[in-house]
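Participant: First the structure, then my questions, so here it is.
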Amino acid sequence: MLKKLFLTLVSVLALTNALAQNAESLKVSVSCDGTVQQALDVLCDKLDVSLLVRSTDVDLSRKVSVHVDGAEVGDVLARIFDGTDVKWTVSGNQIQIYRPQASEPAQQSKARTVSGVIVDESGEPVIGAAVILEGTQTAATTDLDGRWSLSVPQNTRSLRIACMGYEDQWLSLGRETEYTMTLREDISLLEESVVVGYGVQKKSVVTAAISSVKGDQLSGIAPTRVDNVLKGMVSGVTITPASGQPGSGTRVRVRGIGTINDSNPLYIVDGMPVTGGIEYINPADIESVEVLKDAASAAIYGARGANGVILVTTRQGSEAGSVLTYNASYGIQNPWRMPSVLNATEYALIMNEMYMNMGQSPVYDDPYSFGEGTNWVKEVMNPNAPVVDHQLSLSGGNAKMNYFLSGSYFYQEGIIGGNYNHSNYSRVTLRSNNNYTVFEHKDRDYLTTFKLGTNVTYSHDNSKSINANSEYGSVLGCALSLSPILPLYAEDPDALLAEHPTAIRDSQGRPFSIVGDQFAAMPNPVAMLHLPTDDYIQDKIVAGGYAELEIIKGLKFKSSVGADLLIIKDDGYTIPYYMNSNHQNSGSEVWSSISRGYSWQVENTLSYTFTLGEDHNFTALLGQSAYSHGGDYVSGTSYQIRNVEQPWIDATDQDSNMRSASGSPEPYSRLASYFARLSYNYRERYMVELTMRRDGSSNFSPANKWANFPSVSVGWNLTNEPFMADRPLWLDRTKVRVSYGVNGNQNIGSFAYTSMMQGIAGYMLG
Numbered sequence: 006m007l008k009k010l011f012l013t014l015v016s017v018l019a020l021t022n023a024l025a026q027n028a029e030s031l032k033v034s035v036s037c038d039g040t041v042q043q044a045l046d047v048l049c050d051k052l053d054v055s056l057l058v059r060s061t062d063v064d065l066s067r068k069v070s071v072h073v074d075g076a077e078v079g080d081v082l083a084r085i086f087d088g089t090d091v092k093w094t095v096s097g098n099q100i101q102i103y104r105p106q107a108s109e110p111a112q113q114s115k116a117r118t119v120s121g122v123i124v125d126e127s128g129e130p131v132i133g134a135a136v137i138l139e140g141t142q143t144a145a146t147t148d149l150d151g152r153w154s155l156s157v158p159q160n161t162r163s164l165r166i167a168c169m170g171y172e173d174q175w176l177s178l179g180r181e182t183e184y185t186m187t188l189r190e191d192i193s194l195l196e197e198s199v200v201v202g203y204g205v206q207k208k209s210v211v212t213a214a215i216s217s218v219k220g221d222q223l224s225g226i227a228p229t230r231v232d233n234v235l236k237g238m239v240s241g242v243t244i245t246p247a248s249g250q251p252g253s254g255t256r257v258r259v260r261g262i263g264t265i266n267d268s269n270p271l272y273i274v275d276g277m278p279v280t281g282g283i284e285y286i287n288p289a290d291i292e293s294v295e296v297l298k299d300a301a302s303a304a305i306y307g308a309r310g311a312n313g314v315i316l317v318t319t320r321q322g323s324e325a326g327s328v329l330t331y332n333a334s335y336g337i338q339n340p341w342r343m344p345s346v347l348n349a350t351e352y353a354l355i356m357n358e359m360y361m362n363m364g365q366s367p368v369y370d371d372p373y374s375f376g377e378g379t380n381w382v383k384e385v386m387n388p389n390a391p392v393v394d395h396q397l398s399l400s401g402g403n404a405k406m407n408y409f410l411s412g413s414y415f416y417q418e419g420i421i422g423g424n425y426n427h428s429n430y431s432r433v434t435l436r437s438n439n440n441y442t443v444f445e446h447k448d449r450d451y452l453t454t455f456k457l458g459t460n461v462t463y464s465h466d467n468s469k470s471i472n473a474n475s476e477y478g479s480v481l482g483c484a485l486s487l488s489p490i491l492p493l494y495a496e497d498p499d500a501l502l503a504e505h506p507t508a509i510r511d512s513q514g515r516p517f518s519i520v521g522d523q524f525a526a527m528p529n530p531v532a533m534l535h536l537p538t539d540d541y542i543q544d545k546i547v548a549g550g551y552a553e554l555e556i557i558k559g560l561k562f563k564s565s566v567g568a569d570l571l572i573i574k575d576d577g578y579t580i581p582y583y584m585n586s587n588h589q590n591s592g593s594e595v596w597s598s599i600s601r602g603y604s605w606q607v608e609n610t611l612s613y614t615f616t617l618g619e620d621h622n623f624t625a626l627l628g629q630s631a632y633s634h635g636g637d638y639v640s641g642t643s644y645q646i647r648n649v650e651q652p653w654i655d656a657t658d659q660d661s662n663m664r665s666a667s668g669s670p671e672p673y674s675r676l677a678s679y680f681a682r683l684s685y686n687y688r689e690r691y692m693v694e695l696t697m698r699r700d701g702s703s704n705f706s707p708a709n710k711w712a713n714f715p716s717v718s719v720g721w722n723l724t725n726e727p728f729m730a731d732r733p734l735w736l737d738r739t740k741v742r743v744s745y746g747v748n749g750n751q752n753i754g755s756f757a758y759t760s761m762m763q764g765i766a767g768y769m770l771g
């Protein structure tokens, strides 16, 4: 069993004075087309700093476009707030955004001292709360008794109270000098959680390297694929496109290349492992995306976690009543920069110069007679290529059930060949998420709650292929290299068709020019766009269901099943054609192939969450999982098309030499697993987590089928320590983490361990 050992040490402490003084001059690269809030989020993620901003002071929904490479932080902020009076300070690991107050009369400079105490709803003092005079750098912090004191201008009417875990509140000032303020807990912040393997944890007690992107952060972003959502939002994750073709795949790497033969992360969608990536998901259906980046966080997935794990949670309904949402967008695409190529006159002059430098005579007598010639790049471009997106969702529910239904349609034309139905992409998705509470009895001690849930997703992708990544022979490669002297259409159509009847013609019957032998490797690129192209269709269904029973308070048993079906169909045909001596076809051919992949999974988990005393919090998990994956492939080819308008495979052809068929099954790969996890924290101050998984994979030999994958991680929340009560305002959270884990990779192919012997003539056995 292939294994990887990781030792991760993350220590976040107070920044040094030098860094604090020079934070604004740090260099950073930012690319964002969206709102001010999104641009600030990208900047903060790049710098790994927190953001302090009051939404009533700054228009966070204003649209901005920021694209800088290696610019100072101050310059980036200047671009974001260009044309506004917004100010900022960069100190340590915090960026503070504020709008300066108007200049005050001289009599306002007279100061007075106000003080008070801040408590929570239970009357306990709140330690480390910030009392801020808005629009200035004047602030105070509460001590161990919740007390504070601050000198403010005589006419100050209010102060802002801010503290992590509590709602921001305003303290109205009168003639008094002593005040008592009660803070309300910010439930949304206190309960901020991240999805981990087989469960959910509060962010404050996570001890492993897990990054989270919430669905709200994706508003205003319309990526073609879900994995593009993570670009620039998760540190340590590299996403590169396979090509610029619409709908093309991406390469996702979590902390670099993890294993030799397969470096793709494991994708888990609503608890179900999915094959082929997550491009089938409508980005608007996402509730959150978590990335398990280190060995400790991924060890719970054992033999599949060596390259990281990406957990996708989709949206669910709520009890807030029915909500119908429709979003539509239409955009156009153009190259950000058109390649600069020579016109015909410039090309002729350069060619003459080349030949003269070689001691030969010029090849063109009058270069200026050619004029501009043909700009092949413009000929193959699809200007203002459209992008269309429609989103429709219905969600709602009550105390007994909730639902989320959605549908989407996405269409994108390629900027090269899209107007000829090449390199176009479309996607249709449907989703239904439902949850039911069969019974809920909070007044008894056992069998308190029983819930059921289902998740079903269907997607249909259709893409037209184009040879995109070839230096020679591709449409763009030919457009960049072909002589501009060559005309787009044949100068003597009748003579050309008489010599080459299968020359490619446009919709009006005009034959395209034939490239001479000196450019035999590069045919007419516009003629290439008039050839038939493959029709690539992908249908995917992912379905799952679960049942959860709370046996006693805190003890839950959950059983879930899931299935993943992927069908890929590739249809195409060729016709007789002639583009030049190296690019011609005398016959016709039609082919079709279908590949299917199917997976199923059954999981059972038992979890128990309890507290000893008031400070010792435990969560225990035991689980079992069974997973199976298989598939098959079949293809057929007919070597003579009887009707070009209906390019079908003729299975009734009596001549076996005119047709062929092939197929093969994919061996099943099965995985049996047992896993356990124990999490402990003391007042969310000291945390320990232990994980163990044992996997048995059919991909390995009997002697190596089973392996263990342990992990241990510890954490220390310094922010929750009493001695950190007087920490600087910019120091929001400080945590020290240490982790160790073992991961594996089972993606080596089924039965690769089986020895094989091949007979070779002349070799004698014995």
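First residue of the sequence shown: 6, per the numbering used here; consecutive thereafter.
Glycine included, each C-beta is placed from N, C-alpha and C at the ideal position.
Keep in mind that this is a model prediction, so the values were computed, not measured.
1. Go to I355, then tell me how far its alpha helix (DSSP H) extends in each direction, as first and last residue.
2. Could you check the C-alpha separation between L397 and G636 for me, to the nearest Å?
3. Within 10 angstroms of the Cβ of F5, are there 16 or more other Cβ atoms? Answer buried if so, exposed if not.
4. By DSSP, does W341 sit in helix, in strand, or in coil?
5. For Q773, which of helix, strand or coil comes out of DSSP?
6. When burial is assigned at 16 or more other CB atoms within 10 Å of the CB, is F444 buried or exposed?
7. In or out: W341 buried (at least 16 other Cβ within 10 Å) or exposed?
8. Any idea what DSSP makes of L627, helix, strand or coil?
9. Tell me whether M729 sits in a helix, a strand or coil according to DSSP, three-state version.
10. Alpha helix (DSSP H) containing A484: first to last residue?
11. Excluding the 5 residues flanking M356 on each side, which residues of the same chain have their C-beta closer than 7 Å to its C-beta?
12. Residues bridged to Q321 by DSSP?
13. Put F86 into one of helix, strand or coil per three-state DSSP.
14. Determine the closest residue to S674 out of S665, E689, S703 and R682, with distance taken between C-alpha atoms.
15. Would you call the CB atoms of Y416 and S431 closer than 7 Å?
16. In this structure, does DSSP put Q159 in helix, strand or coil?
17. Could you say which of N585, Y551 and L554 lies nearest to V520 if we only look at CA atoms?
18. Answer yes or no: do V81 and V122 have a C-beta to C-beta separation smaller than 7 Å?
19. Please report the residue range of the beta strand (DSSP E) in which E183 lies.
20. For A730, does the count of other Cβ atoms within 10 angstroms reach 16, so buried, or fall short, so exposed?
21. Are Y171 and L155 closer than 7 Å when you measure CB to CB?
22. Quick check: the Cα distance between L45 and G336, rounded to an integer number of angstroms?
23. Would the beta-carbon of A508 fall within 7 Å of that of Y578?
24. Hey, out of G254, R180, E295 and G282, whose CA is closest to G220's CA?
25. In the DSSP assignment, find the unbroken beta strand (DSSP E) run with W175 in it and report its ends.
26. When every heavy atom of the ligand ATP is checked, does at least one fall within less than 6 Å of the C-beta of R738?
27. Work out the CA separation of E553 and V455 for me, nearest whole Å.
28. What three-state label does DSSP hand Q43 in the structure shown?
29. Find the nearest neighbour of T319 within the set L347, S302 and N438, judged by alpha-carbon distance.
30. Tell me the rounded alpha-carbon separation between V157 and R117.
31. Pop quiz: S216 and S253 are said to be a contact at Cβ under 8 Å. What is the actual Cβ separation, rounded to whole angstroms?
32. To the nearest angstrom, report how far apart Y687 and R152 are at their CA atoms.
33. Which whole runs of the beta strand (DSSP E) in the stretch 228-308 are 3 residues long or more, in chain order?
34. For a minimum of 3 consecutive residues, which ranges assigned as the beta strand (DSSP E) are wholly contained in the stretch 552-628?
35. Hey, A300 and Q338 are a contact pair by Cβ (cut 8 Å); roughly how many whole angstroms apart?
36. I'd like to know whether the C-beta atoms of H135 and L734 end up nearer to each other than 7 Å.
Facilitator: Let me spell this out:
1. A349 to N362 is the span of the alpha helix (DSSP H), which, as asked, contains I355.
2. Taking the straight line from one Cα to the other gives about 33 Å.
3. Nothing can be reported for residue 5: it is not among the residues displayed for the chain, which extend from 6 to 771.
4. Coil at W341, not helix or strand.
5. Absent from the model: residue 773. The displayed extent of the chain is 6 to 771, so no value can be given.
6. Exposed, since its Cβ has fewer than 16 Cβ neighbours within 10 Å.
7. Exposed, by the Cβ-count rule.
8. In this structure, L627 counts as strand in the three-state DSSP scheme.
9. Helix, per DSSP.
10. From DSSP, the alpha helix (DSSP H) with A484 extends over V480 to S486.
11. Only V368 and Y369 meet the Cβ criterion.
12. In the DSSP secondary-structure assignment, Q321 is not bridged to any residue.
13. Residue state, collapsed to three classes: coil.
14. Closest in alpha carbon position to S674, among S665, E689, S703 and R682, is S703.
15. Yes, these two residues count as a Cβ contact at 7 Å.
16. Here DSSP, grouped into helix, strand and coil, assigns Q159 to coil.
17. Of the candidates N585, Y551 and L554, the one whose C-alpha sits nearest the C-alpha of V520 is N585.
18. Note that the C-beta distance between V81 and V122 is not below 7 Å.
19. Segment E183 to T187, the beta strand (DSSP E) holding E183.
20. A730 counts as buried, since at least 16 other C-beta atoms from the protein chains shown sit within 10 angstroms of its C-beta.
21. If you check the CB distance, Y171 and L155 do not come in under 7 Å.
22. Taking the straight line joining both Cα atoms gives about 24 Å.
23. Y578 sits away from A508, with the two beta carbons spaced by 7 Å or more.
24. Ranked by Cα distance from G220, the options G254, R180, E295 and G282 are led by E295.
25. First-last of the beta strand (DSSP E) with W175: Q174 to S177.
26. The ligand ATP is absent from the structure shown, which contains no ligands of any kind.
27. The sequence given here places Phe at residue 455; Val does not occur at that position. Each residue's Cα considered, the two are about 6 Å apart.
28. Helix, per DSSP.
29. Among L347, S302 and N438, the Cα nearest to that of T319 belongs to N438.
30. Here the alpha carbon of V157 sits roughly 6 Å from the alpha carbon of R117.
31. Separation of the CB atoms of S216 and S253 is rounded to 25 Å, and the pair is thereby denied contact status at 8 Å.
32. Distance between the alpha carbons of Y687 and R152 is about 26 Å.
33. At a cut-off of 3 residues, the continuous stretches assigned as beta strand (DSSP E) that sit fully inside the stretch 228-308 are 242-246, 255-259, 271-274 and 291-297.
34. Counting only runs that start and end inside the stretch 552-628, the beta strand (DSSP E) elements of at least 3 residues fall at 560-579, 582-585, 588-590 and 594-617.
35. Not confirmed; about 41 Å, so no contact.
36. Per the sequence presented here, residue 135 reads as Ala, with His not at that position. Yes, the Cβ-Cβ distance between A135 and L734 is below 7 Å.
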